[in-house]
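J.: Supplied in structure tokens, the structure appears directly below.
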Amino acid sequence: MAESLQDALSVLLEQSVADGMGSAAAIGWIDVDGRRSVVHTGHTKKWVGACAPYSLELGESIGRHALFDLASLTKPMVTTTLLGQLVERGVLSLADSLESRWPVAKGTYLGSLPLKMLLGHASGSIAWRDYFALTRQYSGAARVAAVQRAVLAEPHINASGQLAVYSDLGFLDLGWMLEHVLGQSLDKAFAQHVAAPLGIEHAHFPKDSPSSDHRYVCTEIWKPRDCGEFPLQGVVHDDNCAALGGVAGHAGLFGCVDDVLSWSVHWLRAICGFEALSPTAPSTELGRHWVSTAAAPNTTWRLGFDTPSSEGSSAGERVHSAAFGHLGFTGTSVWICPVRRVAVVILTNRVHPDREHTQAIRSFRPQVHDIIWSHFDAH
Numbered sequence: 270m271a272e273s274l275q276d277a278l279s280v281l282l283e284q285s286v287a288d289g290m291g292s293a294a295a296i297g298w299i300d301v302d303g304r305r306s307v308v309h310t311g312h313t314k315k316w317v318g319a320c321a322p323y324s325l326e327l328g329e330s331i332g333r334h335a336l337f338d339l340a341s342l343t344k345p346m347v348t349t350t351l352l353g354q355l356v357e358r359g360v361l362s363l364a365d366s367l368e369s370r371w372p373v374a375k376g377t378y379l380g381s382l383p384l385k386m387l388l389g390h391a392s393g394s395i396a397w398r399d400y401f402a403l404t405r406q407y408s409g410a411a412r413v414a415a416v417q418r419a420v421l422a423e424p425h426i427n428a429s430g431q432l433a434v435y436s437d438l439g440f441l442d443l444g445w446m447l448e449h450v451l452g453q454s455l456d457k458a459f460a461q462h463v464a465a466p467l468g469i470e471h472a473h474f475p476k477d478s479p480s481s482d483h484r485y486v487c488t489e490i491w492k493p494r495d496c497g498e499f500p501l502q503g504v505v506h507d508d509n510c511a512a513l514g515g516v517a518g519h520a521g522l523f524g525c526v527d528d529v530l531s532w533s534v535h536w537l538r539a540i541c542g543f544e545a546l547s548p549t550a551p552s553t554e555l556g557r558h559w560v561s562t563a564a565a566p567n568t569t570w571r572l573g574f575d576t577p578s579s580e581g582s583s584a585g586e587r588v589h590s591a592a593f594g595h596l597g598f599t600g601t602s603v604w605i606c607p608v609r610r611v612a613v614v615i616l617t618n619r620v621h622p623d624r625e626h627t628q629a630i631r632s633f634r635p636q637v638h639d640i641i642w643s644h645f646d647a648h
């Protein structure tokens with residue numbers, strides 16, 4: 270029966286990529302005991318050209334360990350997980366204000382807020398601003414400082430805790446705060462405290478220097494990044510993260526489908542009440558609290574994670590209300606279902622060659638999830 274599940278997903282996967290949903294895609298699922306399966310298809314790139322219509326130019330066929338830009342999966346995999354570790358050790362509390370743990374934020378609105386508001390997207394701040402364009406005159410550490418000043422100077426549009434608005438700003442701040450508390454850059458903190466102890470073998474921040482590693486899957490041909498006729502490859506797609514040298518609390522992580530599965534099983538086991546596989550894995554107490562606690566009323570957002578919307582969820586019509594997960598702009602997602610005791614990961618480069626076509630991924634994600642949920646319901 271597992272083979273029939275893989276067959277069904279392979280057909281959907283190959284058809285979706287053939288129809289223009291990027292050039293590559295991978296689907297993986299893992300149960301609470303660590304049994305996993307992966308299907309994948311496509312090439313590292315498909316298109317080149319300064320503008321549409323693009324020219325066909327296939328890259329290398331992808332393998333199981335193809336490296337995708339995970340985009341906002343950085344938030345739960347890096348920032349939320351590191352923050353959870355520090356809370357469990359008693360180093361931090363979600364009641365702590367940002368400025369009490371990161372002095373750069375002292376005297377600012379965002380600095381006055383408890384970490385819980387940032388983690389739950391309830392700061393009252395704006396969702397996004399183009400700091401890449403605003404800070405082009407700077408480089409290196411001066412540019413990082415300029416972005417920090419700009420983020421901390423943002424006005425709030427709602428009172429904190431009043432309304433949840435998905436925002437990169439809170440996770441930018443949390444990332445900088447974590448670097449200050451840990452005394453190391455976020456990429457090194459992830460490698461030491463998350464990847465190594467949790468068995469995540471390939472995920473990393475490639476930073477701002479393109480790598481010769483041919484496993485990187487291309488993203489967008491994006492004029493603001495001066496990439497000419499060729500898509501971004503091995504450098505972060507998110508512009509604001511690029512302004513920060515490729516390392517940030519909201520984006521910048523690259524990895525393969527097995528990396529996200531290896532991370533997700535620790536959260537799955539925690540929520541299900543199973544014994545932790547690593548001392549640095551989330552505890553059942555913290556995990557259950559965070560995935561069930563909102564920082565504002567009337568929202569699907571919990572602490573570090575999203576939950577399914579009542580209609581039109583990317584997790585499908587058959588998703589259980591207890592599921593939790595996260596999406597990434599480049600076409601990535603993870604949904605973890607403690608009731609079915611399974612986590613599902615989808616990685617695509619749906620922004621290749623450009624970000625304009627969104628319908629394919631919006632149709633693809635719920636179809637994949639419903640196929641997998643139905644399979645586990647029947648077994």
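The sequence shown: position 307 = 576 (this note's numbering), numbered continuously.
Glycine included, C-beta positions come from ideal geometry on N, C-alpha and C.
None of the values given here were measured: they were computed from a predicted structure.
Ordered along the chain, which non-local residues of its own chain (more than five positions away) have a Cβ less than 6 Å from that of residue 299?
T.: Numbered from 1 along the sequence shown, position 30 holds the residue referred to as residue 299. Closer than 6 Å at Cβ, skipping near neighbours: 305, 530, 534 and 612.
J.: Nearest to residue 416 by CA position, among 549, 537, 489 and 400, is which residue?
T.: By one-based count along the sequence shown, residue 416 stands at place 147. Nearest option by C-alpha distance: 400.
J.: Can you tell me whether DSSP reads residue 380 as helix, strand or coil?
T.: Mapped onto the sequence shown, residue 380 falls at position 111. DSSP places residue 380 in the helix class (H, G or I) of the three-state scheme.
J.: Hey, could you find the ends of the alpha helix (DSSP H) residue 553 is sitting in?
T.: Taking the sequence shown and counting its residues from 1, one reaches residue 553 at position 284. Counting along the chain, the alpha helix (DSSP H) containing residue 553 begins and ends at 553–561.
J.: Can you give me the start and stop residues for the alpha helix (DSSP H) that residue 420 sits inside?
T.: As a first step, residue 420 must be located in the sequence shown, where it is residue number 151. Segment 409–421, the alpha helix (DSSP H) holding residue 420.
J.: Look up residue 460 in the DSSP assignment and say whether it is helix, strand or coil.
T.: Along the sequence shown, one-based indexing puts residue 460 at 191. In the structure shown, residue 460 sits in a helix (DSSP, three-state: H, G or I).
J.: Entirely within the region 296–336 and at least 3 residues each: give me those beta strand (DSSP E) ranges in chain order.
T.: For the region 296–336, whole beta strand (DSSP E) runs of length 3 or above, ordered along the chain, are 305–311.
J.: Report the rounded CA-to-CA distance for residue 465 versus residue 398, giving the unit in angstroms.
T.: Taking the first residue of the sequence shown as position 1, residue 465 is located at position 196. Taking the first residue of the sequence shown as position 1, residue 398 is located at position 129. Taking the straight line from one Cα to the other gives about 34 Å.
J.: Got a sec? Which residues, its chain only, sit under 7 Å from residue 633 by beta carbon, not counting five neighbours each side?
T.: Within the sequence shown, residue 633 is the residue found at index 364, counting from 1. Correct list, in chain order: 285 and 290.
J.: Leaving out five residues on either side along the sequence, give the residues of the same chain with a beta carbon under 8 Å from the beta carbon of residue 519.
T.: Walking along the sequence shown from the start, residue 519 turns up at place 250. Excluding sequence neighbours, residue 519 sits near 341, 343, 344, 348, 437, 440, 441, 444, 507, 509 and 510.
J.: Which one of 288, 622, 447 and 297 has the shortest CA to CA distance from residue 353?
T.: One-based indexing of the sequence shown puts residue 353 at position 84. The option with the nearest alpha carbon to residue 353 is 447.
J.: Using the Cα positions of residue 594 and residue 574, report the straight-line distance between them to the nearest angstrom.
T.: Residue numbering aside, residue 594 sits at position 325 when the sequence shown is read from its first letter. Residue numbering aside, residue 574 sits at position 305 when the sequence shown is read from its first letter. Cα to Cα, the separation comes out at about 5 Å.
J.: Excluding sequence positions up to five away, which residues of its chain have a Cβ less than 6 Å from the Cβ of residue 578?
T.: The residue labelled residue 578 in the question sits at position 309 within the sequence shown. Same-chain partners within the cutoff: 569.
J.: Secondary structure at residue 391, three-state DSSP: helix, strand or coil?
T.: Along the sequence shown, read from residue 1 onward, the residue named residue 391 stands at position 122. Coil, per DSSP.
J.: Enumerate in chain order the residues of its own chain whose CB-to-CB distance from residue 528 is below 6 Å, with the five nearest sequence positions on each side excluded.
T.: Looking up residue 528 in the sequence shown gives position 259. Cβ neighbours of residue 528 beyond the five flanking positions: 469, 471 and 472.
J.: For residue 641 and residue 281, I'd like the C-alpha separation in whole angstroms.
T.: Here residue 641 refers to the residue found at position 372 when the sequence shown is read from its first residue. Here residue 281 refers to the residue found at position 12 when the sequence shown is read from its first residue. When the Cα atoms are used, residue 641 and residue 281 turn out to be separated by approximately 12 Å.
J.: What are the start and end residues of the alpha helix (DSSP H) that includes residue 643?
T.: Locating residue 643 in the sequence shown gives position 374, counting from the first residue. Residues 628–646.
J.: Threshold first: 3 residues or longer. Then list the beta strand (DSSP E) segments lying entirely within the region 592–629, N to C.
T.: 593–597, 601–606 and 611–617
J.: Alpha carbon to alpha carbon, how far is residue 591 from residue 561?
T.: Working through the sequence shown from its first residue, we reach residue 591 at position 322. Working through the sequence shown from its first residue, we reach residue 561 at position 292. Distance between the alpha carbons of residue 591 and residue 561: 9 Å.
J.: Which class does residue 371 belong to by DSSP, given the choice of helix, strand or coil?
T.: Residue 371 sits at position 102 when you count from the first residue of the sequence shown. Coil at residue 371, not helix or strand.
J.: Using DSSP with H/G/I as helix, E/B as strand and the rest coil, what is residue 483?
T.: Translated into positions along the sequence shown, residue 483 becomes position 214. The answer is coil: DSSP assigns residue 483 none of H, G, I, E or B.
J.: Give me the Cα-Cα distance between residue 602 and residue 475, rounded to the nearest whole angstrom.
T.: Here residue 602 corresponds to residue number 333 of the sequence shown, with the count starting at 1. Here residue 475 corresponds to residue number 206 of the sequence shown, with the count starting at 1. In a straight line, the C-alpha of residue 602 is about 20 Å away from that of residue 475.
J.: What residue range is occupied by the uninterrupted alpha helix (DSSP H) comprising residue 346?
T.: Here residue 346 corresponds to residue number 77 of the sequence shown, with the count starting at 1. Counting along the chain, residue 346 falls outside any alpha helix (DSSP H), and DSSP gives it neither H nor E.
J.: Please report how far the alpha carbon of residue 449 lies from the alpha carbon of residue 321, in whole angstroms.
T.: The residue you call residue 449 lines up with position 180 of the sequence shown. The residue you call residue 321 lines up with position 52 of the sequence shown. CA-to-CA, the gap between residue 449 and residue 321 works out to about 44 Å.
J.: Hey, how far is the Cα of residue 588 from the Cα of residue 638?
T.: Walking along the sequence shown from the start, residue 588 turns up at place 319. Walking along the sequence shown from the start, residue 638 turns up at place 369. Spanning the two alpha carbons is a distance of roughly 8 Å.
J.: Who are the Cβ neighbours of residue 556 in its own chain at under 7 Å, not counting the five residues just before and after it?
T.: Here residue 556 refers to the residue found at position 287 of the sequence shown. Excluding residues within five positions, the ones whose Cβ falls inside 7 Å are 536, 539 and 540.
J.: Give me the residue from 559, 516, 370 and 310 with the minimum Cα distance to residue 390.
T.: Within the sequence shown, the letter at position 121 stands for residue 390. Nearest C-alpha to residue 390: 559.
J.: Three-state secondary structure (DSSP) at residue 491?
T.: On the sequence shown, residue 491 is found 222 positions in, with the first residue counted as 1. Correct three-state label for residue 491: coil.
J.: Using a Cβ-Cβ cutoff of less than 8 Å, which residues in the same chain neighbour residue 368 once the five nearest sequence positions on both sides are dropped?
T.: Numbered from 1 along the sequence shown, position 99 holds the residue referred to as residue 368. Only 374, 375, 376, 377, 380 and 381 meet the Cβ criterion.
J.: Should residue 617 be labelled buried (16 or more other beta-carbon atoms within 10 Å of its own) or exposed?
T.: By one-based count along the sequence shown, residue 617 stands at place 348. Burial call: buried.
J.: What residues in its chain sit with their C-beta under 6 Å from that of residue 318, if we drop five residues either side in the sequence?
T.: Numbered from 1 along the sequence shown, position 49 holds the residue referred to as residue 318. Taken in chain order, the residues that qualify are 324 and 498.
J.: For residue 336, count neighbouring C-beta atoms within 10 Å of its own C-beta (all shown protein chains included) and say buried if the count is 16 or more, exposed if not.
T.: Along the sequence shown, read from residue 1 onward, the residue named residue 336 stands at position 67. That one is buried.
J.: Please state whether DSSP places residue 573 in a helix, a strand or coil.
T.: Numbered from 1 along the sequence shown, position 304 holds the residue referred to as residue 573. Coil.
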